[in-house]
Amino acid sequence: MALLSIRNLTTVFNCQEGMVKACNNVSLDINQGQTLGLIGETGCGKSVLGLSILKLLPVNAVSSGQIIYNNQDLLALSVKEMCQVRGSEIGFLPQSPATALNPVLRIGEQLTEGLQLHQGMVKEKARVIAMDMLKSLGLKDCDKRAADYPHQLSGGMKQRVVAAMSITGQPSLLIADEPTKGLDAVNRAQVIDLLRQLTIKTKASLLLITHDLKVAVALCDEIAVMYSGEIVEKGSADQVLNNPLHPYTQGLVASLPERGLFPIPGYSPSLLDDIPGCRFYSRCPIRNENCKHQPVINREVNGVHVRCLYVDQSGGTQQRIYGRGFQSEAV
Amino acid sequence: MLTYISRRLMMLAIVVLGVTIMTFVLMNVAPGDPAEMVAMARYGLENLTVEQVENIRISEGLDAPVWIQYMHWLAHALKGDLGRSLVTGDPVMQEIMVRAPATLILALASLVVSLLIAIPAGIISAARQNTMLDYLARTGALLGASMPNFWLALLLILLFSVTLGWLPVFGYGEFRHIILPAVTLGTGLAAITTRLTRSSMLEVLEQNYIITARAKGLQEGNIIFHHAFKNAFIPVITIIGLQLGHLLEGTVIVESIFAWPGLGKLLVDSIYARDYAVIQACVLLFAVLFVVINLLVDILYVYIDPRIRYEKKG
Ligand SMILES: Nc1ncnc2c1ncn2[C@@H]1O[C@H](COP(=O)(O)OP(=O)(O)OP(=O)(O)O)[C@@H](O)[C@H]1O
Ligand SMILES: [Mg+2]
Chain A
1 MALLSIRNLT TVFNCQEGMV KACNNVSLDI NQGQTLGLIG ETGCGKSVLG LSILKLLPVN
61 AVSSGQIIYN NQDLLALSVK EMCQVRGSEI GFLPQSPATA LNPVLRIGEQ LTEGLQLHQG
121 MVKEKARVIA MDMLKSLGLK DCDKRAADYP HQLSGGMKQR VVAAMSITGQ PSLLIADEPT
181 KGLDAVNRAQ VIDLLRQLTI KTKASLLLIT HDLKVAVALC DEIAVMYSGE IVEKGSADQV
241 LNNPLHPYTQ GLVASLPERG LFPIPGYSPS LLDDIPGCRF YSRCPIRNEN CKHQPVINRE
301 VNGVHVRCLY VDQSGGTQQR IYGRGFQSEA V
Chain B
332 MLTYISRRLM MLAIVVLGVT IMTFVLMNVA PGDPAEMVAM ARYGLENLTV EQVENIRISE
392 GLDAPVWIQY MHWLAHALKG DLGRSLVTGD PVMQEIMVRA PATLILALAS LVVSLLIAIP
452 AGIISAARQN TMLDYLARTG ALLGASMPNF WLALLLILLF SVTLGWLPVF GYGEFRHIIL
512 PAVTLGTGLA AITTRLTRSS MLEVLEQNYI ITARAKGLQE GNIIFHHAFK NAFIPVITII
572 GLQLGHLLEG TVIVESIFAW PGLGKLLVDS IYARDYAVIQ ACVLLFAVLF VVINLLVDIL
632 YVYIDPRIRY EKKG
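Chains as they are written, first to last, in the numbering used here: chain A, 1 to 331; chain B, 332 to 645.
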């Protein structure tokens with residue numbers, strides 16, 4: 001039984017321009033202690049998917065389907081019940097630490113308020129735990145920092161504070177939205193290390209949203225590839241990255257600098273548009289007329305789910321388009 | 332911070348100079364002979380003689396050119412001497428000290444009324460955006476903003492004093508006397524503050540740090556009143572500061588209607604009597620108050636918004 005199973009999750013924003021379908025019929029599972037990487041280009045709906053799980057989207061967003069966590073459907077929970085889940089069962093590490101901290105509250109308060117709420121801790125005890133957490137994340141002068149306001153911290157420090165905030169409640173599942181974005185190599189390695197430790201120490205599951213395939217390789221057991229609101233491929237990290245099946249995943253891997261930086265030509269379709277066939281059609285190197293109109297179904301090939309009509313049973317598309325797969329490297 | 336404050340105090344001097352010069356000029360271009368009007372106020376219309384008018388003109392220096400009159404006034408004012416009332420002959424300072432508390436009390440009461448209405452209304456309006464409550468608050472704000480003070484005052488008097496007989500039309504000294512004037516002034520102020528609180532809250536509620544706060548599992552009440560309002564309040568303070576200026580202006584009208592014995596009524600009365608010394612002193616006081624209040628608001632900022640530190644600016 002998976003810790004979190006998402007079934008047919010569709011999230012739509014009602015906007016003036018129409019309905020933006022940012023998540024389209026997404027199904028995913030995350031097992032206890034497992035790390036699932038969610039990769040895909042910017043604007044494909046990764047953050048929306050993460051926020052849908054915690055029901056943190058603005059009021060114009062409507063989610064349908066099921067999000068089963070510990071045998072309860074999160075979409076059916078009331079606001080009050082959701083508050084019990086957030087922070088203590090499922091933690092959230094937001095995308096941009098620069099804007100994720102409240103500018104008029106001290107760091108210490110922002111770190112401890114969750115603990116005080118969920119664990120009913122007194123301030124002093126919560127503070128000790130939060131300071132320990134900050135120290136273990138390598139932040140110096142923690143006590144002095146706790147009295148600071150966010151604008152007094154550097155970007156790397158904010159990153160650590162936000163990371164500490166998301167895990168102080170010891171959640172069983174952490175949703176980390178681009179935790180390494182905008183960090184230099186050293187900081188990035190530290191954050192990766194932190195997330196790895198976290199998943200090992202607390203046996204927490206991790207939904208890791210990232211652009212960075214290197215980070216995905218370093219941390220993930222499974223990988224799901226998202227394109228224009230849909231999951232186009234999901235399977236073990238090793239298979240998806242080293243033997244990508246979907247032409248989009250292949251393109252993604254080939255667009256890495258060390259693979260020669262081949263960009264995928266064209267743009268992804270607007271999320272406002274309903275497309276009868278494959279959403280990758282306009283950019284696909286192996287497309288054919290069927291792809292334009294025929295509904296695409298998920299197929300399973302060697303344990304990998306792939307959303308493409310032309311992936312054959314032997315475990316590859318007819319032709320290898322972009323050369324070799326992705327070799328994992330030390331990060 | 333200290334350099335900032337001293338710079339602002341220098342600006343205060345310039346503002347005061349400008350305002351008093353302007354008042355002087357305006358008083359002198361206004362139609363009517365000041366000496367005659369002062370004499371009228373002093374001795375009454377029936378037994379007014381030409382000698383009396385001319386005596387006043389000479390004794391009060393009203394025959395000198397305007398700029399000499401001004402320099403004369405300024406020289407004394409700098410020494411802390413605001414002169415004597417042309418009508419009663421009492422020292423102006425004394426008159427003002429008697430009147431100021433009434434205005435201060437009325438201004439404070441109006442501010443309290445406006446905040447008691449505006450802050451909850453603005454917050455609820457934002458937290459329940461596009462619901463009946465929101466529409467109600469917005470319509471109320473529109474009404475409040477478009478209703479002139481004097482009209483609202485008359486309506487309130489009609490309803491609560493004349494028809495229901497609950498509250499006195501005018502008077503001073505008891506709590507029930509201040510209700511109508513404070514409500515008249517307060518509701519007008521509340522309208523603008525409500526709208527600003529609402530829009531400021533709506534903007535803050537969309538920020539990423541609100542999502543972070545929600546992600547911690549904090550309850551909606553905590554998010555709105557603590558995380559959001561603390562941020563949303565910052566622009567609201569500016570407006571409150573600016574409004575205090577308008578509040579002074581409002582007291583002039585409202586005090587006259589309710590016969591409230593404050594500076595506003597004093598100013599209006601002395602304008603009718605062309606009591607230059609008193610007019611000038613009232614205007615001076617209003618100008619100083621206006622600038623000082625705004626300075627206080629700016630200083631208050633530092634305590635509310637940790638990102639602002641004035642000494643860092645050049
Ligand atoms: N409040 C909203 N109203 C309307 N559309 C929205 C809203 N929030 C997001 N979207 C749409 O949803 C799409 C997916 O956004 P999302 O933030 O999930 O992208 P992402 O995959 O996380 O990209 P990135 O890697 O840049 O973070 C975007 O194209 C955006 O247009
Ligand atoms: Mg994102």
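Beta carbons are placed, not taken as given, at the ideal position from N, Cα and C, and that holds for glycine. Note that this is a predicted model, so its numbers are computed, not measured.
* At least one CB of chain A closer than 8 Å to the CB of Thr543 (chain B): is that the case? -> Answer yes: the Cβ-Cβ gap between Thr543 (chain B) and chain A drops below 8 Å somewhere.
* If I'm right that Pro179 (chain A) touches Leu198 (chain A) with Cβ under 8 Å, what's the distance once you round it to whole angstroms? => Contact between Pro179 (chain A) and Leu198 (chain A) does not hold, since the beta-carbon distance rounds to 11 Å and is not under 8 Å.
* Asked: So which residues of chain B does Ala22 (chain A) contact, with C-beta pairs closer than 9 Å?
  -> Within 9 Å Cβ-Cβ: nothing; Ala22 (chain A) doesn't reach chain B, min ~16 Å.
* Asked: For Arg638 (chain B) and chain A, any beta-carbon pair shorter than 8 Å?
  -> Yes - at least one Cβ of chain A is within 8 Å of the one on Arg638 (chain B).
* Asked: What are the partner residues of His305 (chain A), as DSSP defines its beta bridges?
  -> For His305 (chain A), which the question treats as bridged, DSSP gives the partners A:Lys234 and A:Glu300.
* To do: Give me the Cα-Cα distance between Lys80 (chain A) and Gly43 (chain A), rounded to the nearest whole angstrom.
  => Our two residues, Lys80 (chain A) and Gly43 (chain A), have alpha carbons roughly 30 Å apart in a direct line.
* Cβ of Tyr540 (chain B) less than 8 Å from any chain A Cβ? -> It does; some Cβ of chain A falls within 8 Å.
* **Proximity winner among B:Ile570, B:Phe621 and B:Phe564, relative to Gly634 (chain B) (alpha-carbon distances)** => Checking the sequence, you will find Tyr at residue 634 (chain B) rather than Gly. When each option's Cα is compared against that of Tyr634 (chain B), the closest is B:Phe564.
* Asked: For Leu271 (chain A), is the beta carbon positioned less than 7 Å from some heavy atom of ligand 1?
  -> Shortest gap from the CB of Leu271 (chain A) to any heavy atom of ligand 1: under 7 Å.
* Closer than 8 Å by beta-carbon distance: list the chain A residues that pair up with His558 (chain B), in chain order. => In chain order: Asn102 and Leu105.
* Beta-carbon contacts of Ile321 (chain A) that lie in its chain and below 6 Å, excluding the five residues immediately before and after -> Confidence is the limiting factor: at Ile321 (chain A) the pLDDT is only 49, short of 50, which leaves the residue's position unreliable and the question unanswerable from this model.
* Asked: Since Pro422 (chain B) sits in a beta bridge, which residues does DSSP pair it with?
  -> Looking at the DSSP assignment, Pro422 (chain B) forms a beta bridge with B:Arg415.
* So, does the CB of Gly235 (chain A) fall closer than 8 Å to a CB anywhere in chain B? -> Not one chain B Cβ lies under 8 Å of Gly235 (chain A).
* Check whether the Cβ of Pro58 (chain A) sits closer than 7 Å to any heavy atom of ligand 1, and report yes or no. => In this structure, Pro58 (chain A) has its beta carbon less than 7 Å from a heavy atom of ligand 1.
* If you run the structure through DSSP and keep just helix, strand and coil, what is Thr515 (chain B)? -> Assignment of Thr515 (chain B) by DSSP, reduced to helix, strand and coil, places it in the helix class.
* **Close Cβ partners of Ala522 (chain B) (< 7 Å) along its chain, the five nearest in sequence each way excluded** => Ala472, Gly475 and Ala476.
* To do: Drop a sphere of 10 angstroms on the beta-carbon of Ser441 (chain B), count the other beta-carbons inside from all chains shown, and report buried for 16 or more, exposed for fewer.
  => By the beta-carbon neighbour count (other beta carbons within 10 angstroms, threshold 16), Ser441 (chain B) is buried.
* Asked: Among B:Tyr607, B:Val583, B:Leu626 and B:Leu598, which has the Cα closest to the Cα of Phe481 (chain B)?
  -> Minimum Cα distance to Phe481 (chain B) is reached at B:Val583.
* Cβ neighbour criterion (16 or more within 10 Å) applied to Ile639 (chain B) -> It counts as exposed.
* To do: Starting from the beta carbon of Gln550 (chain B), find every residue of chain A whose beta carbon is closer than 7 Å, and list them in chain order.
  => Correct list: Cys83.
* **Any non-hydrogen atom of ligand 1 closer than 7 Å to Phe13 (chain A) Cβ** => Answer for Phe13 (chain A): yes, Cβ within range of ligand 1.
* Under three-state DSSP, which class holds Gln318 (chain A)? -> Caution applies to Gln318 (chain A), whose pLDDT of 44 falls short of 50 and renders its modelled position unreliable; the model cannot decide the point.
* For ligand 2, residues whose Cβ lies under 7 Å from any non-hydrogen atom -> Around ligand 2, the residues whose beta-carbon falls short of 7 Å from at least one of its heavy atoms are A:Lys46, A:Ser47, A:Gln95, A:Asp177, A:Glu178 and A:Ile209, given in chain order.
* To do: Check distances from the C-beta atoms of the region 440-454 of chain B to those of chain A and list, in chain order, the residues that come in under 7 Å.
  => Listed in sequence order: no entries.
* For Gly87 (chain A) versus Thr210 (chain A), is the C-beta distance shorter than 8 Å? -> Contact flag unset, no.
* Identify which residue in A:Gly138, A:Val122, A:Cys142 and A:Glu124 has its Cα closest to the Cα of Met131 (chain A). => Across the set A:Gly138, A:Val122, A:Cys142 and A:Glu124, the C-alpha of A:Cys142 shows the shortest separation from the C-alpha of Met131 (chain A).
* Asked: Would Ser445 (chain B) pass as a contact of Gly517 (chain B) if the rule is Cβ separation under 8 Å?
  -> Yes, the pair counts as a contact, with Cβ atoms nearer than the cut-off.
* To do: Output the distance between the C-alpha atoms of Met478 (chain B) and Leu485 (chain B), rounded to the nearest integer angstrom.
  => The C-alpha of Met478 (chain B) lies about 11 Å from the C-alpha of Leu485 (chain B).
* Could you name the residues of chain A that Ala563 (chain B) contacts, counting a contact when the two beta carbons are closer than 7 Å? => Near Ala563 (chain B) there are no residues of chain A at all, since even the closest Cβ is about 10 Å away, more than 7 Å.
* Member of A:Lys144, A:Ile90 and A:Ser136 whose CA lies at the smallest distance from the CA of Gly108 (chain A) -> Comparing Cα-Cα distances from Gly108 (chain A) to each of A:Lys144, A:Ile90 and A:Ser136, the minimum goes to A:Lys144.
* Exposure label - Val162 (chain A); buried when at least 16 CB within 10 Å -> It counts as buried.
* Can you tell me which of A:Glu17, A:Asn70, A:Phe13 and A:Ile6 puts its alpha carbon nearest to the alpha carbon of Gly57 (chain A)? => It should be noted that the sequence gives Leu, not Gly, for residue 57 (chain A). Distances from the alpha-carbon of Leu57 (chain A) to those of A:Glu17, A:Asn70, A:Phe13 and A:Ile6 put A:Phe13 closest.
* To do: Go ahead and pull the three-state DSSP assignment for Ser64 (chain A).
  => In the structure shown, Ser64 (chain A) sits in a strand (DSSP, three-state: E or B).
* Asked: Under 7 Å from any heavy atom of ligand 1, does the C-beta of Gly475 (chain B) make it?
  -> For ligand 1, not one heavy atom lies less than 7 Å from the Cβ of Gly475 (chain B).
* Reduced DSSP category for Ala176 (chain A) - H, G, I as helix; E, B as strand; rest coil -> Assigned with DSSP and collapsed to three states, Ala176 (chain A) falls in strand.
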